[in-house]
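Visitor:
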Amino acid sequence: MSSNQAVLSGILEAGKFIKVIQRAFPVIDDDQILVKAVAFAANPTDWKHAVYQIGHEGDIAGSDASGIVEQVGKNVKGFEVGDIVSSFMHGNYSTTRGAFSEYFIADPVTTIKYDKSQIKDTELPVGVTPSSTINSFEGAASLTLSMTTVALTFSDTFKVSYDKSKNANKSVLIWGGATSTGIIAIQVAKEVYGLNVITTASKKNHEFLASLGADQILDYNNSNVIEDVKKAANGSIAYAYDTVSNEETFQQTYDATEGSPEVILENLMNLSEDILKTDSSRKVTFNKLIAYTADGRTHHVFGQDFVATPESLKNYNHFWNTIVPTIITTIKTPHLKVLESGIETANEAFTLLYENKVSAEKVVFRS
2 MSSNQAVLSG ILEAGKFIKV IQRAFPVIDD DQILVKAVAF AANPTDWKHA
52 VYQIGHEGDI AGSDASGIVE QVGKNVKGFE VGDIVSSFMH GNYSTTRGAF
102 SEYFIADPVT TIKYDKSQIK DTELPVGVTP SSTINSFEGA ASLTLSMTTV
152 ALTFSDTFKV SYDKSKNANK SVLIWGGATS TGIIAIQVAK EVYGLNVITT
202 ASKKNHEFLA SLGADQILDY NNSNVIEDVK KAANGSIAYA YDTVSNEETF
252 QQTYDATEGS PEVILENLMN LSEDILKTDS SRKVTFNKLI AYTADGRTHH
302 VFGQDFVATP ESLKNYNHFW NTIVPTIITT IKTPHLKVLE SGIETANEAF
352 TLLYENKVSA EKVVFRS
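Position 80 (the sequence shown) corresponds to 81 in this note's numbering; numbering is contiguous.
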């Protein structure tokens with residue numbers, strides 16, 4: 002028995018990133034789950050693995066998928082055959098692990114289980130499906146990488162108290178509120194932690210982000226956006242989250258927190274504070290997040306090995322096992338940009354993100 006897989010082609014050209022092949026049926030170990038894929042979601046990290054050659058020809062593409070549990074390892078607790086799940090894994094990196102596969106291997110620690118009554122087995126039409134709570138396989142597929150990233154950031158890097166009364170006078174600055182991670186971060190910051198949320202986005206996305214709970218939304222296209230953020234914050238920013246994470250946004254996020262006495266600042270692309278123009282009198286703690294480490298393994302990215310500490314995993318697992326089940330029915334997805342069904346559609350998905358043609362949307366497609 003074999004399984005169709007979308008793999009990196011080795012061609013670093015828009016529209017040619019992916020080829021579809023058949024491989025032997027995946028084999029799980031005692032601590033893993035095998036899932037029959039129903040829907041996939043694409044992320045910027047996917048094309049970046051191809052273009053920056055973190056991954057190589059033949060590596061299975063994709064990091065986000067949803068489906069139905071087919072097999073459960075004997076050591077796995079809390080999952081059974083027939084469960085509806087979504088999962089995140091380090092795709093575009095291995096010939097045995099990746100999301101864009103007819104059957105994919107999942108780790109329980111980065112997998113979300115849904116009540117069967119929550120997910121309708123109705124394929125979404127091609128086009129844009131507006132943001133909603135999760136009620137489809139496409140919606141479930143869109144969530145897991147972003148939720149893993151946000152879980153690590155808020156539970157471990159920021160170590161925000163779960164006692165909302167302690168957060169009443171604290172703000173989080175989310176630079177890039179309309180990114181997939183930003184959309185989930187806004188909701189978690191409000192619903193779980195009760196933080197004041199300041200975010201940046203283009204004007205067209207302000208109404209949407211306000212509906213998710215953002216308190217102050219500033220237009221990053223405004224030349225005065227740094228001063229606008231400082232004025233809105235009035236010295237209250239305790240946490241800063243650069244969800245775009247390029248050199249420009251990293252500097253902007255840092256500059257916008259000026260006036261806040263003590264700040265923890267995280268980026269998602271391994272950017273070093275050495276590239277910033279900084280003020281040595283300020284008290285800012287910098288961190289770089291690699292979400293793949295949530296699975297407890299060592300991951301080689303950007304020429305470095307990354308692995309989570311036992312404390313990080315403890316904090317993350319508490320959030321994943323205790324908090325995620327309480328918010329999974331209320332959290333809203335980005336708008337879903339639904340493509341034609343078929344695993345070969347991965348090429349179009351990669352290209353849309355590579356060409357920066359997606360805003361406040363998650364690209365999804367059925368298997």
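Think of the CB as a built atom: it goes at the ideal place given N, C-alpha and C, for glycine as much as any other residue.
From this set, Val325, His57, Ile19, Gly128, which residue's C-alpha is nearest Val151's C-alpha?
Guide: Considering only alpha carbons, the answer is Val325.
Visitor: Measuring alpha carbon to alpha carbon, tell me which of Asp122, Ile199, Ile12, His336 ends up nearest Asp229.
Guide: When each option's Cα is compared against that of Asp229, the closest is Ile199.
Visitor: Which same chain residues, not among the five before or five after Gly11, have their C-beta less than 6 Å away from its C-beta?
Guide: For Gly11, where only same-chain residues beyond five positions count, the Cβ hits under 6 Å are Glu58.
Visitor: So what does Glu228 bridge to, in DSSP terms?
Guide: Its beta-bridge partners do not exist; DSSP assigns none.
Visitor: Just to check, is the beta-carbon of Ile184 closer than 7 Å to a non-hydrogen atom of the ligand FMN?
Guide: In the structure shown, the ligand FMN is absent, as is every other ligand, since no ligand is present at all.
Visitor: By a C-beta neighbour count over all protein chains shown, 10 Å radius and 16 as the cutoff for buried, is Lys232 buried or exposed?
Guide: By the 10 Å Cβ count, Lys232 comes out exposed.
Visitor: Can you give, in chain order, each stretch of the alpha helix (DSSP H) that sits fully within the stretch 116-193 and has at least 4 residues?
Guide: If we require 4 residues or more, the alpha helix (DSSP H) runs fully inside the stretch 116-193 come out as 138-142, 145-153, 181-192.
Visitor: What are the uninterrupted segments assigned as beta strand (DSSP E) that are 3 or more residues long and contained completely in the stretch 304-336, given in chain order?
Guide: Taking only runs of at least 3 residues, the beta strand (DSSP E) segments lying wholly in the stretch 304-336 are 305-307.
Visitor: How long is the line joining the alpha carbons of Ile432 and Asn268, rounded to whole angstroms?
Guide: A question about residue 432 goes unanswered here, because the residues of the chain that appear run from 2 up to 368.
Visitor: Cutting at 6 Å between CB atoms, please list the residues of its own chain near Phe320, excluding the five before and the five after it.
Guide: Ala152, Ser156, listed in sequence order.
Visitor: Quickly, what does DSSP pair Ile113 with across the bridge? List them, please.
Guide: According to DSSP, Ile113 bridges with Ser87.
Visitor: Count the other C-beta atoms from every protein chain shown that fall within 10 angstroms of the C-beta of Gln23, then say buried if there are 16 or more, exposed otherwise.
Guide: Burial call: exposed.
Visitor: Starting from Gly68, follow its DSSP beta bridges and name the residues at the other end.
Guide: According to DSSP, Gly68 bridges with Ala38, Val86.
Visitor: Nearest by alpha-carbon distance to Asn170: which of Thr154, Asn197, Thr182, Ala179 is it?
Guide: Here the closest residue by C-alpha is Asn197.
Visitor: Tell me, which residues are paired with Glu362 by DSSP?
Guide: DSSP lists His336 as partners of Glu362.
Visitor: Taking Gln6 as part of the alpha helix (DSSP H), name the residues at either end of that continuous run.
Guide: No alpha helix (DSSP H) contains Gln6, which is instead part of the beta strand (DSSP E) from 3-9.
Visitor: In its own chain, which residues sit with a C-beta less than 7 Å from the C-beta of Asp108, not counting the 5 before and 5 after it?
Guide: So the list reads Gln33, Met90, Asp296, once near-sequence residues are dropped.
Visitor: If distances are taken between C-alpha atoms only, which option among Glu249, Ser162, Gly79 comes closest to Asn222?
Guide: Of the listed residues, the one whose Cα sits closest to Asn222 is Glu249.
Visitor: Rounded to whole angstroms, what's the CA-CA distance from Ser95 to Phe101? Just pull it up for me.
Guide: Roughly 12 Å between the two C-alpha positions.
Visitor: How long is the line joining the alpha carbons of Asp65 and Ser88, rounded to whole angstroms?
Guide: When rounded, the distance between both Cα atoms is 6 Å.
Visitor: My understanding is that Val82 touches Gly68, with C-beta atoms under 8 Å, so please give their C-beta distance in whole angstroms.
Guide: Not quite, the Cβ-Cβ distance comes to about 12 Å (not below 8 Å), so this is no contact.
Visitor: Where do the ends of the beta strand (DSSP E) carrying Tyr355 lie?
Guide: From DSSP, Tyr355 is part of no beta strand (DSSP E) but of the alpha helix (DSSP H) over 347-355.
Visitor: Helix, strand or coil for Ile55, going by three-state DSSP, please let me know.
Guide: Coil, per DSSP.
Visitor: What does DSSP give as the partner residue(s) for Ile29 in the beta ladder?
Guide: DSSP output for Ile29 lists no bridge partner at all.
Visitor: With DSSP run on the structure shown, which of helix, strand or coil describes Glu103?
Guide: Of the three classes helix, strand and coil, the one that applies to Glu103 here is coil, per DSSP.
Visitor: Please classify Val28 as buried or exposed, where buried requires at least 16 other C-beta atoms within 10 Å of its C-beta.
Guide: When all chains shown are included, Val28 counts as exposed.
Visitor: Please state whether DSSP places Asn235 in a helix, a strand or coil.
Guide: Note: Asn235 maps to coil in three-state DSSP.
Visitor: Can you have a look at Tyr242 and say buried or exposed, based on whether 16 or more other CB atoms are within 10 angstroms of its CB?
Guide: Burial call: buried.
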